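Read top to bottom, the protein sequences are chains A and B.
At position 24 of the first sequence (counting the first as 1) the number is 24 in the working numbering, and the numbers step up by one without a gap.
Start counting at 1 in the second sequence, then tack on 1000, and there's your number in the working numbering.
Okay, so here's the structure we're looking at.
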Amino acid sequence: MEYRVLEDAAVNENFELMSKILSGDVKLTLSQTAVSVEATDAAAGPSYKIGIRLEDSDGNLHKWYNGKVTLAVADTSDVVGAAMAVDPVAGSYAMDGGTYGAKVTLSESAWKADDTATLTVTATVCGFNASATFVVTVKADSGT
Amino acid sequence: MSMKFRTLENAALNDNFGLMAKAMSGDMVFSLSQTTASPTVAECTAAAQVYNITVRLTTAAGEVHNWYNGKVLLAIADDDDTGAASIDPAAGERAMTNGVLEVKVTMSKAAWTAGKKATLTVSDLATAGTGILGFVVADATFVATVKA
């Protein structure tokens, strides 16, 4: 069996789109993937808006996709109360036209240098896994 | 650049691609023609109770995924010490036909105890690591609860 090339170019494009999905040509991209913040600034509880897109390997948006994406947060800090929160709360949510938005916020805590907090975004599309992370790394204050 | 299904002149083709797009987004649920029943102890004692359940794989909006001829997992259970529940076809992986599968649930002729249940569970094959198109489809159940 092979994909036949049809006379109607639009039909061919649709089948090409399906073949990409069924080949696992999906990836998650985030509007930002890493940021460093000084300890003093981290203690103020900064927030970061993260745009999420489901794309193919060429960076084209899978605009047809309205399936789920999963948000999770974690951190490496041993400071009591230090944590990253995500809005909406960790869980699975339906994308809208292949896009979604989340906001992560560091708690107002005495974060230490080298602490990290990570938002992990995952999706499983037709059995193919895609994931991306946004990592906040705390660094020592420049004045110290 | 974004990729989405092109709208074609042929409406039927658009419907087909639209349905595939929903499936590939994981928009799939199991829909049962009947989800509960309440046979009485007297009815169960007098005769076997039979329920013909139509299982459909649909979108959340109720459109049947009639392209699907893959398998679903059937299970039957009961918590009664006297009566027994069974299904036809037997429990296990069974292929749908055009997104539909007929299942006959039978509660044996016996003095079932009030409050006891017979439960048909329809699942995807997620436990085998496959699911449907890689998506986990939530279980659906038909529960017959015996009443006094």
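Idealized CB from N, CA, C, for every residue including glycine.
This one's a predicted model, so the numbers in the text were calculated from it and none came from an experiment.
For B/Met-1024, the chain A residues whose Cβ falls inside 9 angstroms of its Cβ are Met-18, Ile-21, Leu-22, Trp-64, Tyr-65, Gly-67, Val-125, Cys-126, in order along the chain. When rounded, the separation of the alpha-carbon atoms in B/Val-1137 and A/Ala-123 is 15 angstroms.
Here B/Asp-1078 is not near B/Lys-1104, since their CB atoms are 8 angstroms or more apart. Just so you know, the alpha carbons of B/Thr-1121 and A/Ala-34 end up roughly 45 angstroms apart.
A/Met-18: member of the alpha helix (DSSP H) spanning 9-22, first to last residue. Taking a beta-carbon distance threshold of 8 angstroms, A/Glu-13 counts as an interface residue toward chain B.
Here A/Leu-119 is near A/Met-84, since their CB atoms are less than 8 angstroms apart. Using a CB distance cut-off of 8 angstroms, B/Leu-1032 does not count as an interface residue toward chain A. The beta carbon of A/Val-26 sits closer than 7 angstroms to the beta carbons of Leu-54, Asp-56, His-62, Val-125, Phe-128, Ala-130 from its chain, once the five residues preceding and following it are set aside; these are given in chain order. Taking 8 angstroms as the cut-off, the beta carbon of B/Leu-1057 is found closer than this to the beta carbon of B/Phe-1030. Contact check for A/Ile-50 against A/Gln-32 passes: the beta carbons are separated by less than 8 angstroms. Two segments are said to touch when three or more pairs of C-beta atoms, one from each, lie closer than 8 angstroms; by this definition the stretch 1012-1025 of chain B touches the stretch 62-76 of chain A. Sixteen is the threshold: since fewer than 16 other Cβ atoms of the shown chains lie within 10 Å of the Cβ of A/Gly-143, the residue is exposed. Residue-level contact by beta carbon holds for B/Arg-1006 and chain A, with a gap shorter than 8 angstroms. At a beta-carbon threshold of 7 angstroms, the residues of chain B lying near A/Ala-10 are Arg-1006, Leu-1008, ordered along the chain. In this structure, the straight-line span from the alpha carbon of B/Asp-1124 to that of A/Asp-115 is close to 41 angstroms. For B/Glu-1063, no alpha helix (DSSP H) run applies, since DSSP gives it neither H nor E.
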